[in-house]
Amino acid sequence: MHGNPLYHWIALAVASALMLPLAIALLRGWVPPWTRGRTGGLRLRAYGILCLYGGTLANGVPRLAKASFDVVMAAMLFGIGFYGLAAVLFLLSAVKDNRARAETPDP
């Protein structure tokens with residue numbers, strides 16, 4: 166059930182190296198070049214990335230700690246909740262971007 170711990174360590178390391186700095190940079194106001202025209206939902210997108218990171222933590226840490234089956238299953242359900250919340254936040258950011266684009270006149 167716990168699997169090879171190396172895979173969980175790799176997933177946590179990659180998530181910590183990629184998702185966490187990106188989310189923090191977005192929350193601090195950095196706008197990536199590929200999203201210059203879609204800045205309406207930037208904060209929602211950053212919170213969505215943090216939810217993805219939380220889901221990775223919720224799924225990986227109990228397995229690394231060799232927790233019981235019930236704890237791993239509860240954490241997995243909690244992680245799925247994080248992933249669902251991330252999907253909702255990404256959808257809301259897309260809606261907010263579309264509204265902001267519709268309100269601004271074209272030059």
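For the sequence shown, my numbering assigns the number 166 to the initial residue and increments by one for each residue that follows. Just so it is clear, CB atoms sit at the ideal spot from N, CA and C, and this is done for glycine as well. Because the structure is a prediction, the values reported are computed rather than measured.
Around the beta-carbon of Leu256, fewer than 16 other beta-carbon atoms lie within 10 Å, marking it exposed. Inter-residue distance for Trp195 and Arg228 is about 34 Å (C-alpha atoms, whole angstroms). For Trp199, there is no enclosing alpha helix (DSSP H), since its DSSP letter is neither H nor E. For the pair Gly205 and Ala265, the CB atoms are nearer than the 8 Å cut-off. Between Leu185 and Arg208, the C-beta gap is not smaller than 8 Å, which leaves the two residues out of contact.
The C-beta of Tyr218 has 16 or more other C-beta atoms within 10 Å across all chains shown, which makes the residue buried. Between Thr221 and Leu171, the C-beta spacing is not below 8 Å.
When rounded, the separation of the alpha-carbon atoms in Arg210 and Ser258 is 6 Å. In summary, Phe234 is exposed, with fewer than 16 beta-carbon neighbours lying within 10 Å of its beta-carbon over all protein chains present.
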